[in-house]
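Student: Residue numbers (the working numbering): 1166 to 1265.
A virtual CB, placed ideally from N, CA and C, is assigned to each residue, including glycine.
This structure is in structure tokens; I'll ask about it shortly.
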């Protein structure tokens, strides 16, 4: 019946015990279910996809670099340059301090 499959009735249905509406029951654990999956395949004779990738790769990379130039500079190059400058300055001050 539908009542035995829904809510707390599912656990009693699986365990073989009878439950009534007046009894309080704990939530049944969720049963695992299989996810659907999509598989894409490519024929070994179909090579235009690979050829187009190699043909379009330089333009695609150039576009990505130019679009993200500010972000790469701000979060990539600037912190590295700041750390290198600080480290060189620290070493120089330490060298001068230990000289005397």
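Name the two residues that bound the continuous alpha helix (DSSP H) containing residue 1244.
Tutor: Looking at the DSSP string, the run of the alpha helix (DSSP H) that includes residue 1244 is 1243 to 1262.
Student: Give the secondary structure of residue 1219 by DSSP, where H, G and I count as helix, E and B as strand, and everything else as coil.
Tutor: Here residue 1219 sits in helix by DSSP.
Student: Locate the alpha helix (DSSP H) running through residue 1237, then write down its first and last residues.
Tutor: Residue 1237 -> alpha helix (DSSP H) spans 1234 to 1237.
Student: What is the rounded straight-line gap between the Cα of residue 1241 and the Cα of residue 1227?
Tutor: Approximately 18 Å between the Cα atoms of the pair.
Student: Expressed to the nearest angstrom, what Euclidean distance is found between the alpha-carbon atoms of residue 1260 and residue 1252?
Tutor: Their backbone Cα atoms lie some 12 Å apart in a straight line.
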